[in-house]
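Novice:
There are 2 protein chains.
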Amino acid sequence: MEVVRTIGQAREILRTARKKDMRIGFVPTMGYLHRGHTSLVDEAKKVSDFQVMSIFVNKIQFNDPNDFSSYPRNLERDFDYAKGAGVDMIFLPDDSEMYNNHLTSVDVATLTDNLCGAHRPGHFRGVFTVVSKLFNIIQPDVAVFGQKDIQQAISIQKMVTDLNFPVTIIIAPIIREGDGLAMSSRNKHLSSDQRTRALALSSGLKTAERLITGGETSGDTILSAVRGIIEEGRPDSIDYVSLVNYHTLQPIDAISDTCVIAVAAFFGATRLIDNMIITHDHGRPVCRF
Amino acid sequence: MEVVRTIGQAREILRTARKKDMRIGFVPTMGYLHRGHTSLVDEAKKVSDFQVMSIFVNKIQFNDPNDFSSYPRNLERDFDYAKGAGVDMIFLPDDSEMYNNHLTSVDVATLTDNLCGAHRPGHFRGVFTVVSKLFNIIQPDVAVFGQKDIQQAISIQKMVTDLNFPVTIIIAPIIREGDGLAMSSRNKHLSSDQRTRALALSSGLKTAERLITGGETSGDTILSAVRGIIEEGRPDSIDYVSLVNYHTLQPIDAISDTCVIAVAAFFGATRLIDNMIITHDHGRPVCRF
């Protein structure tokens, strides 16, 4: 596994891989890796030959400077995880090379108005901008994003379509702890008590699944039930419990062909998110969370 | 010369050229070609093997719908010009394929605050967005823009640097009619009287050159002289007569190492622009216009 720290070096190695007709897979991360991240590499490997992972805590996507400075970092541990997952090249760019008197931004309208976009001003613009940069540096054939950050994944898919990036986007399933908590680098901030209470998020989604597969379609009924379960976990606050159309990410009143139930809540100072995608197979609802 | 109308077809042909290790040159245009455009192809040919020209009147960069609908078009004539210039592939995309429920935009801050940016709200965002799309479709090694649209050329260079597009940008000299008028597709809208009066723009820049090479450095003195000459041409209005830093495009008070004098004025309903780049060679000013 090569660890490269400059854009020039990364381009050089990738040029060589491309000369050998290798397809490039790419997993962008902010480090502090867990099995969620390595599952993205597993997905990339199914369709590509040379795996690139970037580790870059992207300052411009943090609307809260404390969240940026406290974002967990542990490179040694990350290298072990990445090597174990079969990553061929780690790209560890420098803040100063990535953002040198930076003036350019990429934004996607309307898809980022709701959910996390409404609660984290400027966050998604920072994500789209860094992902555009990374795509232009790595020039991957395929890039994998996690369903965990569903608004991010869907908006990046739209950005790629709109700007004609020659990259195939894969959205990979959420990886959960044994008890159902969605894996997140931020989980390490949770106290043991907060950790237990935070299970209310995935429990809420399980309840929604039960209602939906039982035939319930009313958004009000489903979201009230989910919110009730989450409140039992005594979160410090709830950002949102929403039912949205998968493609527009706009709120809808009833379960439709392809939609998402997304939740976000604080446990202590830690903001956690979770979600479930609902599709239909021969008219019967299928929930993925 | 191949004429392709879909993104898929363009990618296919370029894949073949790239397989032969050809370097791709790219000249994006809005058609109604003149020698200014073909000179950009000449520049591209010096450093690349396969010349692509796009012809696309990009709706989203027109702040004035009348300007869009009256923008001159003549494809047959364009094909003759392009073939004569040695273009290998013309890319003629469709509005509906380029902008299908389009939500994504690219913007460059501060560089577009002044000059044309101040007078054409949203114009540059439309330019950056379409150029990003075209770069991702064509994936050129080198792209050539004209000095004529100096704010566009400098801002696109900044966008390419900021977003790490793997494209080399060349800014090619302004091509002028025998009497000094900068070539522009919009010149065809000028009446014979307006055409004569519009020479005041290049005359103003010639006066600036004389002053600057004579040692004058005061922005006030130089710009007053330029404005005086332009006013003799009785323009219907003057948008700006400005001295700006080449890299920031912010107004400056005196001639500095690398700077630009840029002018914009209406003759009838037709808005014309012109400019001059001032660099220094061993301390002596050199004017390019």
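Chain order of the listed sequences is A and B.
Just so you know, the working numbering puts 110 at position 98 of the first sequence, and the rest follows in order with no gaps.
Just so you know, the working numbering puts 127 at position 115 of the second sequence, and the rest follows in order with no gaps.
Heads up, the beta-carbon is just placed ideally off N, CA and C, and yes, glycines get one too.
#1: For chain A, is any of its Cβ atoms less than 7 Å away from the one on B/Leu-115?
#2: Using DSSP with H/G/I as helix, E/B as strand and the rest coil, what is A/Asn-148?
#3: Suppose the cutoff is 7 Å on Cβ atoms and the five residues either side in sequence are ignored; what does the same chain contact list for B/Ile-186 look like?
#4: Going by DSSP, what residue range makes up the alpha helix (DSSP H) through A/His-49?
#5: Here's a check: name, in chain order, each residue in its chain whose Cβ is nearer than 7 Å to the Cβ of A/Lys-180, leaving out the five neighbours to either side.
#6: With 16 as the cutoff for other CB atoms within 10 Å, does B/Ser-108 come out buried or exposed?
#7: Below 8 Å on the Cβ atoms is my guess for A/Ser-254 versus A/Leu-127; work out the distance and round it to an integer in Å.
#8: Given a limit of 7 Å on CB to CB distance, which residues of the stretch 166-179 of chain B reach chain A?
#9: With 7 Å set as the bound, which would you pick, yes or no: does the beta-carbon of A/Ala-29 sit closer than that to a beta-carbon of chain B?
#10: Take A/Tyr-302 as the anchor and find which of B/Ser-60, B/Phe-136, B/Leu-175 and B/Asp-119 has the nearest alpha-carbon.
#11: Please name the residue in B/Cys-299, B/Pro-40, B/Asp-251 and B/Asn-287 whose C-alpha comes closest to that of B/Pro-105.
#12: Measuring only between beta-carbons, confirm whether B/Asp-153 sits less than 7 Å from chain A.
#13: In terms of residues, what are the limits of the alpha helix (DSSP H) holding A/Phe-206?
#14: If the cut is a Cβ gap below 8 Å, which residues of chain A does B/Asn-148 touch?
#15: I need the boundaries of the beta strand (DSSP E) containing A/Arg-300, first residue and last residue.
#16: I'd like the span of the beta strand (DSSP E) that includes A/Ser-236, first residue to last.
#17: Listed from N- to C-terminal order along the chain, which residues in the stretch 99-133 of chain B have their beta-carbon within a distance smaller than 7 Å of any beta-carbon of chain A?
#18: Under 7 Å between beta-carbons, which chain A residues line up against B/Ser-144? List them in chain order, please.
#19: According to a CB-to-CB cut-off of less than 9 Å, which residues of the stretch 16-46 of chain A neighbour chain B?
#20: Near A/Phe-38, which residues of its chain fall below 6 Å by C-beta distance, leaving aside the five closest residues on each side in sequence?
#21: Does DSSP put A/Arg-27 in a helix, a strand or coil?
#22: Using the three-state DSSP reduction, which class does B/Glu-109 fall into: helix, strand or coil?
#23: Are B/Val-53 and B/Ala-97 closer than 7 Å when you measure CB to CB?
#24: Where do the N-terminal and C-terminal ends of the alpha helix (DSSP H) with B/Thr-173 fall, by residue?
#25: Tell me the DSSP secondary structure of B/Val-179 in three-state form.
#26: State the start and end residues of the unbroken alpha helix (DSSP H) segment that holds B/Glu-88.
#27: Might you give, ordered along the chain, the residues of its own chain that have their beta carbon closer than 6 Å to the beta carbon of B/Asp-33, omitting 5 neighbours on each side?
#28: Who are B/Asp-286's beta bridge partners in DSSP?
#29: Any beta-carbon of chain D closer than 7 Å to the one on A/Gly-231?
#30: Considering only the alpha carbon of each residue, which of A/Ile-19, A/Gly-20 and A/Arg-47 lies closest to A/Arg-188?
#31: Output the distance between the C-alpha atoms of B/Phe-103 and A/Asp-232, rounded to the nearest integer angstrom.
#32: Could you pull the start and end residues of the alpha helix (DSSP H) that A/Ser-82 belongs to?
#33: Looking at the structure shown, is B/Ala-194 part of a helix, part of a strand, or coil, going by DSSP?
#34: Starting from the Cα of A/Asp-251, find the closest Cα among A/Ile-285, A/Asp-269 and A/Val-238 and give me that residue.
#35: Given a cut-off of 7 Å, decide if A/Ala-220 and A/Ile-234 are closer than it, judged by their beta-carbon atoms.
#36: Mapping the DSSP letters down to three states, classify B/Arg-188 as helix, strand or coil.
Specialist: Taking the geometry as given:
#1: The sequence position of residue 115 of chain B within the second sequence is 103, counting from 1. By this cut-off, B/Leu-115 is an interface position.
#2: Mapped onto the first sequence, residue 148 of chain A falls at position 136. In the structure shown, A/Asn-148 sits in a helix (DSSP, three-state: H, G or I).
#3: The residue you call residue 186 of chain B lines up with position 174 of the second sequence. Closer than 7 Å at the Cβ level, and outside the excluded window around B/Ile-186, lie Gly-158, Gln-159, Lys-160, Ala-194 and Phe-301.
#4: Against the first sequence, residue 49 of chain A aligns to sequence position 37. Boundaries of the alpha helix (DSSP H) around A/His-49: 47-59.
#5: Your numbering for residue 180 of chain A matches position 168 in the first sequence. Per the sequence shown, residue 180 of chain A should be read as Thr rather than Lys. Annotation for A/Thr-180: Asp-153 and Val-154 place their beta carbon closer than 7 Å to its own, counting only its chain and skipping 5 residues before and after.
#6: Your numbering for residue 108 of chain B matches position 96 in the second sequence. Here B/Ser-108 is exposed: its Cβ has fewer than 16 other Cβ atoms, across all protein chains shown, within 10 Å.
#7: For the purposes of this step, residue 254 of chain A is taken as the residue at position 242 of the first sequence. For the purposes of this step, residue 127 of chain A is taken as the residue at position 115 of the first sequence. Correct: roughly 6 Å between the Cβ atoms.
#8: Residues passing the 7 Å Cβ filter: Lys-170, Met-171, Asp-174, Leu-175, Asn-176, Phe-177 and Pro-178.
#9: For this step, residue 29 of chain A is matched to residue 17 along the first sequence. Cβ-Cβ to chain B under 7 Å: no for A/Ala-29.
#10: One cannot answer for residue 302 of chain A here, as it falls past the ends of chain A, which runs 13 to 301.
#11: Taking the second sequence and counting its residues from 1, the one referred to as residue 105 of chain B is at position 93. Comparing Cα positions, the closest option is B/Pro-40.
#12: Residue mapping note: residue 153 of chain B aligns to position 141 of the second sequence, counting from 1. It does not; no Cβ of chain A falls within 7 Å.
#13: Looking up residue 206 of chain A in the first sequence gives position 194. Correcting the residue identity first, residue 206 of chain A is Gln in this sequence and not Phe. For A/Gln-206, the uninterrupted alpha helix (DSSP H) run begins and ends at 204-209, by DSSP.
#14: As a position in the second sequence, residue 148 of chain B is number 136, starting the count at 1. The contact set of B/Asn-148 on chain A, defined by CB atoms closer than 8 Å, consists of Leu-175, Asn-176, Phe-177 and Pro-178 in chain order.
#15: Reading the first sequence from its first residue, position 288 is the one you call residue 300 of chain A. Judged by DSSP secondary structure, A/Arg-300 falls within the beta strand (DSSP E) whose first and last residues are 296-300.
#16: By 1-based counting over the first sequence, the position of residue 236 of chain A is 224. Taken as a continuous stretch (DSSP letters only), A/Ser-236 belongs to no beta strand (DSSP E), being part of the alpha helix (DSSP H) at 231-244.
#17: If the cut-off is 7 Å between Cβ atoms, the stretch 99-133 of chain B has His-114, Leu-115, Thr-116, Ser-117, Val-118, Asp-119, Val-120, Ala-121, Thr-122 and Leu-123 near chain A.
#18: Along the second sequence, read from residue 1 onward, the residue named residue 144 of chain B stands at position 132. Chain A residues near B/Ser-144: Leu-175.
#19: Within the stretch 16-46 of chain A, contact with chain B at the beta-carbon level (separation under 9 Å) is assigned to Ile-19 and Arg-23.
#20: Counted from its first residue, the first sequence places residue 38 of chain A at position 26. Result list for A/Phe-38: Val-64, Ile-150, Pro-152 and Ala-155, in chain order.
#21: As a position in the first sequence, residue 27 of chain A is number 15, starting the count at 1. The DSSP-derived three-state label of A/Arg-27 is helix.
#22: The residue given as residue 109 of chain B occupies position 97 in the second sequence. Helix at B/Glu-109.
#23: Here the question's residue 53 of chain B lines up with position 41 in the second sequence. Here the question's residue 97 of chain B lines up with position 85 in the second sequence. Going by C-beta atoms, B/Val-53 is nearer than 7 Å to B/Ala-97.
#24: What you label residue 173 of chain B is simply residue 161 of the second sequence in a count that begins at 1. Counting along the chain, B/Thr-173 sits inside the alpha helix (DSSP H) bounded by residues 162-175.
#25: For this step, residue 179 of chain B is matched to residue 167 along the second sequence. DSSP places B/Val-179 in coil when its eight states are reduced to three.
#26: Counting from one through the second sequence, the residue named residue 88 of chain B turns up at place 76. For B/Glu-88, the uninterrupted alpha helix (DSSP H) run begins and ends at 87-97, by DSSP.
#27: The sequence position of residue 33 of chain B within the second sequence is 21, counting from 1. If we look at B/Asp-33 and ignore the five residues flanking it on each side, it has no Cβ neighbours.
#28: The count along the second sequence starts at 1 and reaches residue 286 of chain B at position 274. Answer is B/Val-275, bridged to B/Asp-286.
#29: The chain labelled as chain D is not found among the protein chains of the depicted structure, namely A and B.
#30: Here residue 188 of chain A corresponds to residue number 176 of the first sequence, with the count starting at 1. Measuring from the Cα of A/Arg-188, the nearest candidate turns out to be A/Arg-47.
#31: Taking the first residue of the second sequence as position 1, residue 103 of chain B is located at position 91. Taking the first residue of the first sequence as position 1, residue 232 of chain A is located at position 220. Those two C-alpha atoms are separated by around 50 Å.
#32: Indexing the first sequence from 1 puts residue 82 of chain A at position 70. Counted as a single uninterrupted DSSP element, the alpha helix (DSSP H) harbouring A/Ser-82 occupies residues 77-82.
#33: Along the second sequence, read from residue 1 onward, the residue named residue 194 of chain B stands at position 182. Three-state result, B/Ala-194: strand.
#34: As a first step, residue 251 of chain A is located in the first sequence; it is residue number 239 there, counting from the start. Of the listed residues, the one whose Cα sits closest to A/Asp-251 is A/Ile-285.
#35: Translated into positions along the first sequence, residue 234 of chain A becomes position 222. Translated into positions along the first sequence, residue 220 of chain A becomes position 208. Result yes, Cβ atoms of A/Ile-234 and A/Ala-220 sit closer than 7 Å.
#36: In the second sequence, residue 188 of chain B corresponds to position 176, counting from 1. DSSP places B/Arg-188 in strand when its eight states are reduced to three.
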